[in-house]
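So the sequence lines, in the order shown, correspond to chains A and B.
Going by our numbering, the letters in the first sequence line up with residues 428 to 774, in that order.
Going by our numbering, the letters in the second sequence line up with residues 1099 to 1885, in that order.
Backbone N, C-alpha and C fix where the C-beta goes; we use that ideal spot for every residue, glycine too.
None of the values given here were measured: they were computed from a predicted structure.
Since the structure comes first, as structure tokens, the remarks are kept for the end.
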Amino acid sequence: MKEQLQSIKNEALGEIAKVTSLKDVNDLRVKYLGKQGALTAILRGMRDVAPEDRPVIGALVNEVRDAIEAALKAKEEAISKTLLEEKLRSEQIDITLPSIEIKTGAPNILEHVIEEVEEVFMSMGYDVVDGPEIEEDKFNFELLNIPKGHPARDAQDTFYIEDEKVLLRSQTSPVQARTMLAAGGDKPIRMICPGKTYRRDADDATHSHQFMQIEGLLVDKNISLSNLKGTFDVIAKKLFGDNVETRFRPSYYRFTEPSVETDIPCFVCKGKGCPLCKNTGWITVSGAGMVHPNVLRNCGYDPDVWTGFAFGFGAERLAMLKYGISDIRKFYQTDLRESAVFDRKEN
Amino acid sequence: MISLNWVKDYIDISDQEPSELAVKITKAGVNIENVVKSRIDNLVIGKVLECVMHPDSDHLHICQVDVGNKVTQIVCGAPNVRAGLKVLVALPGCVLPGDFEIKAGRIRGQESNGMICALYELGLEKKTEETYAKGIAEIDTELEAGADANIYLGTDDTMYELDVYKHRNNDCYYHIGFAYEIASILNRKVKLPVSNYMPINDDVNKYATVEVKTDKCPFYLAKMVKGVGIAQSPEFIKKRLVAAGMRPINNVVDISNYVMLEYGQPLHFFDKDKVGNRILVRDAKEGEEIVTLDGNKRTLKASDIVITDGEKPICIAGVMGGENTEVDNNTKDILIESAIFDAVSIRYTASNLDLRSEASIRYGKGLNYEYTLEAIERACYLLEKYAGAKVLKGIIKHDKLGKKVKVVKFKTATVSTMLGLSLTDDDVKSELSRLDFPYQYNCGEFIVTIPNRRLDIDENVNDIAEEIGRLYGYHNLQSSLPCVTTKRGVYVGDVKIRKEVSKRLRSLGLNESKTYTLTSEDMAKTFNYEGKKQIKLSNPMTIDKSVVRTSVLPSLISVYEYNKARNVKDVMLYEISKTYDVDYVEDIKVGVLMKGCYLGNEWQGVNVKVDFYCLKGILENLLNYLGFKNRYSFVKAEIDTLHPGICAKVLLDRDMVGVIGRVHPSYKKDDIYVAELSLTKLYNKQIKPLKFKEANKYPEMVKDVAFVVDNTLESEVVRTQIKRSGGKLLDSCKEFDVYNNVEPGKKSIAYSLTFKDTTKTLLEEEVMAVFNKIISDVESKLGAKLR
């Protein structure tokens, strides 16, 4: 009987090793362990075994059954695994096919630049404000130390709606006057104002009758030109990189005194001199200066107590310099093939 | 234009390289836009020693030319070349206009080491048939062969082109003023020109009287010269006028311009015989006429100033002289005017007449009275010297000028603080003496007198700080940040909602556009759904930019067309812009335009095409984001330029805040959807604070129901009724199926209703009770049938 059991075991393990489907495994389970199975038949024959041999044979039967069951289970798992693998293999996709494009929109390039400038100035405590684009002559010129008939008006050929009274603002500087007047002459001010401005220029690659300025104003006590330089350096580093050099050059504006123009090295020639920078090696990025005492006075601030600085960037100019854009009209065309690039963060 | 040769009369700059000097001047504040060198290098005087015909040509000559250090062979094609002639020789290395560099070479086998030039080849004459026929320039000069030809040609000058607008004033726009600027930069002294003529024993007062009957002429001087001989100006005057950008005419006219370019003071020369004995300066009469020097008849306004002979105008003051008293070839005696007129008035007149002359620009910027006098004396001197004039003694003077001396008192510390520099008293003293500003110094206080030539400087310490700072050098400035109180920067007022809307729309897939505020009248007529009256500019440049828009939608259509023409199929745009109506009422609008595929993947067959509901979803998303959930609705309406069956007004708290719809097919046949909201109106609405709401813990129950209703009945009506009848237990109601024309004139709409109770588990019976009530209410009140 021992031999018989051993041969059942060998035969079963041999057969189990050969089968490849779950059904076959099941058939083998029935064949060996089922009610009509070979092992069950042996157990049925136990009554013919001498009582003293029964424990030994019983133990042997159990051992054989355990071995067969373990083999069946292992085989079953192996086949299941293979089947799953086959199934997954059949579900494989071509991951190189194109995606569903999740589209987000791009900002206008000017807005992109303005948002960068806003981020820096807001972190330094500047508010972002705006004023009307249809403006009174008083705010656009007179309060800013540019009386009627003054030659400084020549540089800003203005669109008038009512002669000498109401106009399309030719600069964002009227917002300086409005902000100071609103603050009432006794509170410090820190603000920037990005906004649209208009001048009677015929549109071409470098002129636009509509353009954007980013105005800035700080009014406080003991403010110096060196503070303006420091502030300009921060924004220049943000826009043009930490290693950018900056230069202040004297200039003349009616609403600042002293006035400066702020330069950075020319991108094209790196300071050697080229047509872009008119052989100076430098490119002007903004006009600025200490707020003129007349402007402070006109806007309710006592120039003996308060001082401040103001600056103005041309958003188009910044964008043209930063991204090498040569035609100012690009900003107002919204060519989606070009603007899509700007749907991303800066470095 | 400033001529450096001319400036050299007043200051020694022989040691300065012109381009480097230009950098110094620009750094100190006067912007030199361009340095123009008229010099042509490697151009010498040559003498033709021998001239024979070229063996292989019927027109070329082989010349042996003395060029100073050697005799060299040059092949020349000009018919007038011959031995003995002095000529202009461009040697190898010489670069002629058009970037044409002369090189040694061979011409038809014969060596040629340069080029004998015609004036037009040097850019000194225009190339015409006439100048071409003249051939090479035949030079009549004492200069030896080999001498620098630029000396002969007067091309040894350098000109500085200035930026007139950026300019602080006109004080650098004449040569003496410019010399003062260089003097302060280089710390040198200016030497003024002489005017030492010999007056004859006759007095101007015998020949003329001047009466001024306007307060717009505070200063008027007149002198007289006799017996001028009209001729060509001497070469140096002609060359200098040309260098400064003016055309030489004759010695007399040229002298008036020459003096203006020296002192910045425009002069006017009247032909004395044509004027008579009386000069009356007065305001013009409205409609008064005068024929000016250029032959044009001008009609004047009462705000203009005229010089008259007592009766008729003979000159528009400060702008242009009259033809009737013009200096001509027969002129003998001249009355010279040197005056100051009201700058604003001159500017208005020049701009009204569109006559911006060299004179009017200078009058318009204001003048220094000291030079008004010096200029008239200088003109007398030059007329005596170069026009054979005899100068009468005496001067006629009208003087109502308030000659206030400008004085600034300050301490060094004030200037130091303002600039952020640490200056000493000695630094300040040194800068003031460079500026040639007289000052007194008492116990730490400076009292500075501002010279009259610096009209731009006011009695402010800022003005002095600027002068000191720019000479001391801003490269000495340290970078520092202002020491101010801590504060966070915020978006003020409606700037915030603009930023929020902009960012949200971008994240929803729309691209930001910026277009022009000014549009054409035709464009402004479209999408005027509010029927607003529009602003028309009083001085537009072009008709396509003459109206201030009240909606951004017309511009967005243009952007769509632009992209469509460039094969961009999916166009998703928005623009935020201020708009204004005729009463200047500001309304910030956000316009949206969508066309094409919103979301898709072709090979997968995924394609969410833009339609009304897609754009409606964008608006709802935006309004929800802004905190207006459950406060807005879309109401069918007729809207200008939109498809009458596919458009709606957007209401918020029952106020109209915008529109949405498909663009009218007769306007644009493409399937374009647009919407516009007033951000000004949204900004003025209050919103509730954001609060946390815990999710429902008990299971919800969903029931579906479909109704057949009239095709014309809007789903919103049914939904509102369902919600009303559903009461507290009904949480939401959403359409999930719509069939049009299930029977004639009828449609079927299926709704999915979700019931919930946040306090307990729902019972089937209570939900069914509500559900049945909903059905019976909708049937009875709306004439619907359960499907």
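Bounds of any alpha helix (DSSP H) do not take in residue 1642(B), whose DSSP letter is neither H nor E. Nearest to residue 714(A) by C-alpha distance, out of 734(A), 726(A), 703(A) and 674(A), is 674(A). Leaving aside the five residues that flank residue 1412(B) on each side, the residues in its chain whose CB is nearer than 7 Å to its CB run, in chain order, 1368, 1373, 1405, 1406, 1420, 1422 and 1423.
Under the three-pair Cβ rule at 8 Å, the region 734 to 753 of chain A does not count as touching the region 500 to 508 of chain A. Legend: CB atoms of the region 630 to 651 of chain A lying less than 7 Å from CB atoms of chain B belong to residues 636, 637, 645, 647, 649, 650 and 651.
The alpha-carbon of residue 1485(B) is positioned some 41 Å away from that of residue 1197(B). Boundaries of the beta strand (DSSP E) harbouring residue 1130(B): 1130 to 1135, taken from the DSSP string. Using a 10 angstroms sphere on the CB of residue 1563(B), the tally of other CB atoms reaches 16 or more, which defines it as buried.
Taken atom to atom, the span from the alpha-carbon of residue 1199(B) to that of residue 1233(B) is near 20 Å. Looking at the DSSP output, residue 539(A) shares a beta bridge with no other residue. The three-state secondary structure of residue 1742(B), taken from DSSP, is strand. For residue 1257(B), the CB contacts under 6 Å within the same chain, skipping 5 residues up- and downstream, are 1099, 1101, 1134 and 1341 in chain order. Counting the other CB atoms within 10 Å of its CB gives residue 1746(B) a total of 16 or more, which places it among the buried residues. In the structure shown, the three-state DSSP call for residue 1399(B) is coil.
Taking 8 Å as the Cβ-Cβ cut-off, the region 1642 to 1665 of chain B approaches chain A at 1643, 1646, 1657, 1660, 1661 and 1664, given in chain order. Residue 1509(B) holds the alpha-carbon nearest to the alpha-carbon of residue 1541(B) among 1750(B), 1509(B), 1239(B) and 1570(B). Secondary structure at residue 452(A): helix, using DSSP grouped into helix, strand and coil. Residue 604(A) does not reach chain B, its nearest Cβ partner there being about 16 Å away, counting only Cβ pairs nearer than 8 Å. Per DSSP, the continuous alpha helix (DSSP H) segment holding residue 1864(B) begins and ends at 1862 to 1880.
Below the 7 Å Cβ cutoff, chain A contributes 653 as neighbours of residue 1576(B), in chain order. Any Cβ of chain B closer than 8 Å to the Cβ of residue 773(A) would place that residue at the interface, and such an atom is absent. In this structure, the beta-carbon distance from residue 1173(B) to residue 1187(B) does not fall below 8 Å. A residue is called buried once 16 or more other Cβ atoms fall within 10 Å of its Cβ, and residue 1345(B), having fewer, is exposed.
Put simply, of 1190(B), 1804(B) and 1303(B) the residue whose alpha carbon is nearest the alpha carbon of residue 1885(B) is 1804(B). Rounded to whole angstroms, the Cβ separation of residue 1432(B) and residue 1323(B) is 5 Å, and the two are in contact under 8 Å. Residue 1497(B) has 1317(B) as its beta-bridge partners, per DSSP.
Comparing C-alpha distances from residue 1461(B) to each of 1502(B), 1364(B) and 1382(B) shows the shortest one belongs to 1364(B).
Ranked by Cα distance from residue 774(A), the first of 500(A), 749(A), 767(A) and 754(A) is 749(A). Taking one beta carbon from each stretch, the region 1853 to 1869 of chain B and the region 1789 to 1801 of chain B have 3 or more pairs nearer than 8 Å; the two touch. In the DSSP assignment, the residues bridged to residue 1671(B) are 1609(B) and 1691(B). Here residue 1583(B) carries a coil assignment [DSSP, helix/strand/coil]. Against residue 1558(B), the close residues of chain A are 684 and 720, in the order they occur along the chain (beta-carbon pairs closer than 7 Å). With 16 or more other CB atoms across the displayed protein chains lying within 10 angstroms of its CB, residue 1472(B) is buried. Proximity of residue 1518(B) to chain A, defined by a Cβ-Cβ separation below 8 Å, is satisfied. Cβ contact annotation for residue 459(A) (same chain, cutoff 6 Å, sequence separation greater than five): 439, 465, 466 and 495, in chain order. Beta-bridge annotation (DSSP): residue 1322(B) is paired with 1433(B).
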